[in-house]
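Take a look at the structure below.
Protein chains: 2
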Amino acid sequence: MKSNPELPPDLPTQIAASIRDAIVSGALIVDERLPSEAELSLQFDVSRATVREALKRLAAQSLIRTQRGATGGAFVNRISFEAAHAQQITTSILLLSMNDVSFETACEARYTLERACAPLSAKRRNSIHIKMMREEIELQGEEGLSDEAFCASDVTFHRALVDGANNPVLSYQLAGAVEAMQPLMNMITFTARSRSAIVTLHRDIADAIEAQDGARASDGLAALEIETQSLARRIFEQRQRPSPKT
Amino acid sequence: MKSNPELPPDLPTQIAASIRDAIVSGALIVDERLPSEAELSLQFDVSRATVREALKRLAAQSLIRTQRGATGGAFVNRISFEAAHAQQITTSILLLSMNDVSFETACEARYTLERACAPLSAKRRNSIHIKMMREEIELQGEEGLSDEAFCASDVTFHRALVDGANNPVLSYQLAGAVEAMQPLMNMITFTARSRSAIVTLHRDIADAIEAQDGARASDGLAALEIETQSLARRIFEQRQRPSPKT
DNA sequence: AAAACTTTAATTGTCTGACAATACTTTTTC
DNA sequence: GAAAAAGTATTGTCAGACAATTAAAGTTTT
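For the record, the sequence lines run as chains Z and F.
Everything in the first sequence is counted per full-length UniProt numbering, starting at 1 for the first residue and increasing by one.
Everything in the second sequence is counted per full-length UniProt numbering, starting at 1 for the first residue and increasing by one.
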C-alpha cells in the first residue's frame, strides 16, 4: 500500500502556500501589491501559467484580488466579515450534506450556540434589532407564505437576535450554524399549526429580549429547539412509513 | 459614476461557480468524476488553461481533488470536518488580525460559545475527554514551559472540553473561535502567578465536567473569562506606558 | 495655462500548441 | 499464469502570442 499522504503537492499549491504564509505572517500587508505575474514566474522559476493557477487559488479564498491595467496586479485583500460569512456558510452547508449529519445533531448545535448569545443580546440589543424581529414575526404569521419564505424569515429573525449581542466575531461564528440549517429546515413542511407554535415562541423570545431578560430568552430558545426537534421527528417518521391507507 | 459592482466576473470564476453550483445542488455527487479538462474546455467553449484555473479555484476550497493518469481526472471531494476545521481556522485568524478585532471582543465570543458547550459536555463526556483535560492541566503546571506551549496546551484542554459534547457540528463551529484566539493569546506573557490561577480554574472546570455538573462548569468558564480578560487588560495597559522607572 | 484628446506602456485575461509525468489497461513474452 | 513491455488517457508544466484594460505621459486644441 502506498497511498502516500505526504507526497509533495504540485507547484501552484506550493507557490500559493508560500504567498499565503507571507500574508498570514504579516510580511505582506493589506492592500499591498504583489509582484506582477511575470516577476513572480521569475522569482519562483516557473511559467506564468503556473503562477496564475496559484493566484487563482488565493483569489478563491479571497486572500487576494486582481486588477487589470497599467497599475494593476494582485493585491492583498482585507478579508471582510461579509466575505468570511459567505464562505463559511457554503462550507457548512456542504459539510452537513456530505457527511450525513442528522437533523438532530445540527439542530442541537445551532440552538446550543444561539442560546449562548441570548444573554448578551438581551443586554445590548438596540431598537433596530427589536424592530427586525417584530417584522419577521409579523411576516411569519401571514397566510399563503411558502415554506421556503417561512424558513428564510426564520433565519433573518435569528440573525437579528444574534446580531443584537453586538459582537461581530460571535455573529460570524453563528452564521455558519444558523444558515447551514436552512437546507435541512427546507425539507420540512410547516403546517398552519406548527407555524403558529413557532410564531408564538418567537414572540416570547422577542419579548424577553426586549425586556432584557436573557434567561427567559434562553428558555424560549430551548423551547423552540424542543418544538423544532419534535416537529422534524414527526415528519421523518411519517415519511418512513408513508400513506398507511386507512 | 460606473464603479459597477456587478461587473461580470472573469471566465474561470464563472466556470468555477457553475461547477460549484452543480456540487451544492447535488447534481454532482461525492467521488463522482468530472469531465476531463479537454472535455470541459469544449463544453464551456474556452481553452484548457481557463478550465484549469477554474478547477484550481475549486481545489483551493477542497471541493474537488485531482489525480493524474489514465483513470485520473477531477473528483468531487467529500469535505471532511478536519479539512473544514483547518480552513475555518485560517480564515478566522486572518479575519481577526486584519480587522483589528480587540482581544476583548474575541475573548468574549470564545467564552460565550464555550460556555454553551459545557452542559452538553458534562452530560456526555467520556473518560478519554477527562483524561485529556487532566493531562493538559498537569502539563500546564510544569515549570519552564514556554508561553507558546502553555497556550497550545490551553487550546488542547478546551478542545477536549468541547469535544466532550459529542456533537461534531459543535466542535467544528467552536474550532474557529477557540483556535483563532491563539495568536492573540500568544501576545500575552504568563507569569507564574497567572498560570497558577488559570490552572486552578481549569481544575475546577475539569472537576465539574467529571462530576457531570454542567452549571458549575459554566461558572468555571465564566470565571476563566474574567481572569483572562483582566490579565490581558493589565498587560496591554502596562505596555502602553512602559517602564515607569521607579 | 487649462482642458480635451491621443498615444504609450504595463498588466492581467485568454488562447494555442506542445511535451513531460503519471497511472491504469492491454498486449506480449517467458 | 505471471511478469514485463507497450499503449493510452489524463493532468502538470511550459513557451509564446495576442486581446482587453487601465493609468500615466504626451500632444493638441481652446
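Backbone N, C-alpha and C define an ideal beta-carbon position, used for all residues, glycine too.
None of the values given here were measured: they were computed from a predicted structure.
Quick one, which of the options has its alpha-carbon nearest residue i's?
i	options	result
Ala27(F)	Ile137(F), Gly72(F), Arg52(F) and Val76(F)	Val76(F)
Asp213(F)	Thr66(F), Glu227(F) and Lys123(F)	Lys123(F)
Phe44(Z)	Leu58(Z), Ser153(Z) and Ser18(Z)	Ser18(Z)
Ala179(Z)	Arg239(Z), Ala206(Z), Ala211(Z) and Tyr111(Z)	As written in the sequence, residue 179(Z) is Glu, which differs from the Ala given in the question. Ranking Arg239(Z), Ala206(Z), Ala211(Z) and Tyr111(Z) by Cα distance to Glu179(Z) puts Tyr111(Z) first.
Ser41(F)	Arg33(F), Val51(F) and Leu34(F)	Val51(F)
Ala177(F)	Glu32(F), Leu94(F) and Leu145(F)	Leu94(F)
Leu96(F)	Val30(Z), Ala192(Z) and Thr91(Z)	Val30(Z)
His129(F)	Glu108(F), Leu161(F) and Leu120(F)	Leu161(F)
Pro183(Z)	Gln240(Z), Thr90(Z) and Arg233(Z)	Thr90(Z)
Phe81(Z)	Ala70(F), Glu82(F), Val101(F) and Ser80(F)	Val101(F)
Leu11(F)	Pro35(F), Leu34(F) and Val46(F)	Val46(F)
Taking 7 Å as the limit between beta carbons, can you name the residues of its chain near residue i, skipping five residues before and five after?
i	result
Arg115(Z)	Ser218, Leu221 and Ala222
Cys197(F)	It is worth fixing the name first, because residue 197(F) is Ala in this sequence and not Cys. Only Glu227 meet the Cβ criterion.
Leu231(Z)	Ile188 and Ser194
Lys2(F)	Residue placement at Lys2(F) cannot be trusted, given a pLDDT of 33 that sits under 50; the coordinates are not used to answer.
Ala118(F)	Gly214, Ala217, Ser218 and Leu221
His85(Z)	Tyr172 and Ala175
Ala165(Z)	Cys117, Leu120, Ser121 and Arg124
Gln88(Z)	Ala175 and Gly176
Would you please verify whether the beta carbon of residue i is less than 8 Å from any beta carbon of chain F?
i	result
Asn99(Z)	yes
Asn167(Z)	yes
Phe81(Z)	yes
Thr189(Z)	no
Gly164(Z)	no
Thr112(Z)	yes
Lys56(Z)	yes
Cys151(Z)	no
Arg78(Z)	yes
Leu94(Z)	yes
Gln61(Z)	yes
Leu221(Z)	no
Determine, for residue i, whether the minimum Cβ-Cβ distance to residues of chain Z falls below 8 Å.
i	result
Pro9(F)	no
Leu28(F)	no
His52(F)	Residue identity differs from the one stated: residue 52(F) is Arg in this sequence, not His. Yes, Arg52(F) lies at the interface with chain Z (some Cβ there is under 8 Å from its Cβ).
Glu108(F)	yes
Leu161(F)	no
Gln88(F)	yes
Gly73(F)	no
Gln182(F)	no
Leu120(F)	yes
Report the rounded CA-to-CA distance for residue i versus residue j, giving the unit in angstroms.
i	j	result
Phe103(F)	Phe236(F)	10 Å
Pro5(F)	Arg68(Z)	Annotation note: pLDDT 42 at Pro5(F) (below 50); position unreliable, coordinate value reported separately. Going by the C-alpha atoms only, they are around 16 Å apart.
Asn99(Z)	Ile23(F)	14 Å
Ile25(Z)	Arg203(Z)	Strictly speaking, residue 25(Z) in this sequence is Ser, with Ile absent from that position. Roughly 47 Å separates the two Cα atoms.
Met181(F)	Gly144(Z)	46 Å
Ala106(F)	Asn167(Z)	8 Å
Leu63(Z)	Arg78(Z)	7 Å
Met133(Z)	Asp21(Z)	42 Å
Leu201(Z)	Gln229(F)	35 Å
Lys131(Z)	Gln61(F)	37 Å
Ile205(F)	Leu224(F)	9 Å
Glu135(Z)	Ser92(Z)	28 Å
Asn126(Z)	Glu32(F)	49 Å
residue 254(Z)	Gln240(Z)	With chain Z covering 1 to 246 only, the question about residue 254(Z) has no answer from this structure.
Ala208(F)	Asp207(Z)	33 Å
Leu34(Z)	Phe190(F)	37 Å
Ala16(Z)	Ala109(Z)	34 Å
Ala83(F)	Ser153(Z)	31 Å
Glu210(F)	Ala211(Z)	36 Å
Residues in its own chain within less than 8 Å of residue i by CB, not counting five upstream and five downstream?
i	result
Gln238(Z)	none
Asn186(F)	Asp147, Glu148 and Cys151
Val199(F)	Ile137, Gln140 and Gly141
Thr13(F)	Ala54 and Arg57
His158(Z)	Glu114 and Val178
Thr66(F)	Leu55, Ala59, Gly72, Gly73, Ala74 and Phe75
residue 248(Z)	Outside the displayed span of chain Z (1 to 246) sits residue 248(Z), for which this structure offers no information.
Ala192(F)	none
Can you list, in chain order, the residues of its chain whose CB lies under 6 Å from that of residue i, leaving out five sequence neighbours each side?
i	result
Ala38(F)	none
Pro9(F)	none
Arg234(F)	none
Arg48(Z)	Glu37 and Ser41
> Could you give the uninterrupted runs of the alpha helix (DSSP H) lying entirely in the region 163 to 214 of chain Z, keeping only those of 4 residues or more?
Replying inline: The DSSP assignment places complete alpha helix (DSSP H) segments of no fewer than 4 residues inside the region 163 to 214 of chain Z at 168 to 179, 182 to 185 and 192 to 210, in order along the chain.
> If you scan the region 75 to 131 of chain Z from start to end, which runs of the alpha helix (DSSP H) of 4 or more residues do you find wholly inside it?
Replying inline: With a minimum length of 4 residues, the continuous alpha helix (DSSP H) runs that stay inside the region 75 to 131 of chain Z are 81 to 98 and 103 to 124.
>> Please give the ranges of any alpha helix (DSSP H) in the region 7 to 81 of chain F, keeping only runs that are unbroken, at least 4 residues long and fully inside the region.
In response: Counting whole runs of 4 or more residues, the region 7 to 81 of chain F contains the alpha helix (DSSP H) stretches 11 to 25, 37 to 44 and 48 to 60.
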